[in-house]
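Structure record follows, encoded as structure tokens.
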Amino acid sequence: MWGKEWHWTGSPSEAIKLQKEIAKSVELKPLEKDFRYIAGFDCSFIKRDNEELIIAGGIIWDVKEKQAVASASVVEPVKFPYVPGLLAFREMPALTKLTRELPRPDIIMADGHGIAHPRRAGIATHLGIWFQIPSIGVAKTKLIGHYQEPAQTKGSYTILFINDRPVGIVLRSRDKVKPIFISPGHLIDIDSALLVVMKCLGKYRLPEPTRLAHHLVSHKRKELKQVQRGK
DNA sequence: GCGACAG
DNA sequence: ATCTTGTCGC
44 MWGKEWHWTG SPSEAIKLQK EIAKSVELKP LEKDFRYIAG FDCSFIKRDN EELIIAGGII
104 WDVKEKQAVA SASVVEPVKF PYVPGLLAFR EMPALTKLTR ELPRPDIIMA DGHGIAHPRR
164 AGIATHLGIW FQIPSIGVAK TKLIGHYQEP AQTKGSYTIL FINDRPVGIV LRSRDKVKPI
224 FISPGHLIDI DSALLVVMKC LGKYRLPEPT RLAHHLVSHK RKELKQVQRG K
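Take a look at the structure:
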């Protein structure tokens with residue numbers, strides 16, 4: 044069910060074990076059902092005294108009407124350190140809490156990778172498995188894999204490989220901008236993930252769900268900075 | 001031992 | 001992610 048919070052505690056080595064298990068449950072298949080609502084998630088961080096806070100934000104994008112129909116954000120202390128490959132353990136607690144305030148989407152779009160990950164279990168995969176909703180990872184840079192640089196024109200793309208295995212797409216989302224990295228998280232395949240992302244592209248490098256979520260958290264962050272000054 | 005390394 | 005001003009290119 045949507046709104047189910049994630050409460051996991053453990054060490055980095057235990058986290059790696061969990062990811063290996065999660066990867067066994069991943070299902071990659073074409074998106075058969077029609078879709079309309081896509082959730083976009085993103086996080087920001089800020090320091091308060093001795094602790095670090097995470098600001099998680101999410102929006103629901105209506106692909107048909109091309110507009111956000113809901114949004115929410117939460118702020119809480121972060122417990123897990125940032126370790127490449129273990130991003131999900133840092134952001135999942137806040138992101139899942141966020142879902143209590145949002146309607147259930149048809150697809151989840153996360154800021155990060157899906158199976159284009161050392162253990163095929165990026166944050167998009169964690170979210171897809173946890174909620175059993177098709178999920179896609181959209182990252183601004185590569186974590187792992189090899190690819191040929193796509194042409195400079197919008198819409199050009201190449202395949203991202205890990206040991207000769209296709210795991211995602213490197214897409215030029217606008218003319219002459221750095222490409223974005225798309226990979227399925229769960230319950231969707233590479234082709235469908237690419238189609239969904241392209242349907243969400245507007246006049247910016249990032250697809251609307253992720254871009255608006257990022258805009259939301261950066262705005263929330265500025266508000267918190269103001270509060271810090273006033274005390 | 002030397003690079004690579006989501007956010 | 002965050003710290004930060006001006007500046008190069010379309």
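Numbering (this note's numbering), first residue to last: 44 to 274.
Positions of the beta carbon are idealized from the N, C-alpha and C atoms, including for glycine.
Keep in mind the model is a prediction, meaning the values are calculated, not measured.
Between which two residues does the alpha helix (DSSP H) containing T201 stretch? For T201, no alpha helix (DSSP H) run applies; the uninterrupted beta strand (DSSP E) run containing it begins and ends at 200 to 205, by DSSP.
Residues of its chain near G296, where Cβ-Cβ distance is below 6 Å and the 5 sequence neighbours each way are ignored: Only positions 44 to 274 of the chain appear in the structure, and residue 296 is not among them; the question remains open.
L214 versus L203 - alpha carbon distance: Computed Cα separation, rounded: 10 Å.
Enumerated in chain order, which unbroken segments of the beta strand (DSSP E) with a length of 3 residues or greater are wholly contained in the stretch 98 to 140? DSSP runs (the beta strand (DSSP E)) wholly in the stretch 98 to 140: 110 to 120.
Whether or not the stretch 122 to 132 and the stretch 103 to 111 are in contact is what I'm after, with contact meaning three or more pairs of Cβ atoms, one per stretch, closer than 8 Å; do they touch? Short answer: they don't touch.
Could you check what DSSP says for F224 in three-state terms: helix, strand or coil? Strand, per DSSP.
Other residues of its chain near A153: CB distance less than 6 Å, five sequence neighbours each side excluded: Cβ neighbours of A153 beyond the five flanking positions: F84, I166, A167, L170, G180.
For I150, which residues from the same chain have a beta carbon less than 8 Å from its beta carbon, with the 5 sequence-adjacent residues on both sides left out? L74, F78, Y80, I81, A82, I176, P177, S178, I179, I231, V239, listed in sequence order.
I need the boundaries of the alpha helix (DSSP H) containing G53, first residue and last residue. For G53, there is no enclosing alpha helix (DSSP H), as DSSP marks it with neither H nor E.
Sort T142, P136, S87 by Cα distance to V260 and report the nearest one. Considering only alpha carbons, the answer is S87.
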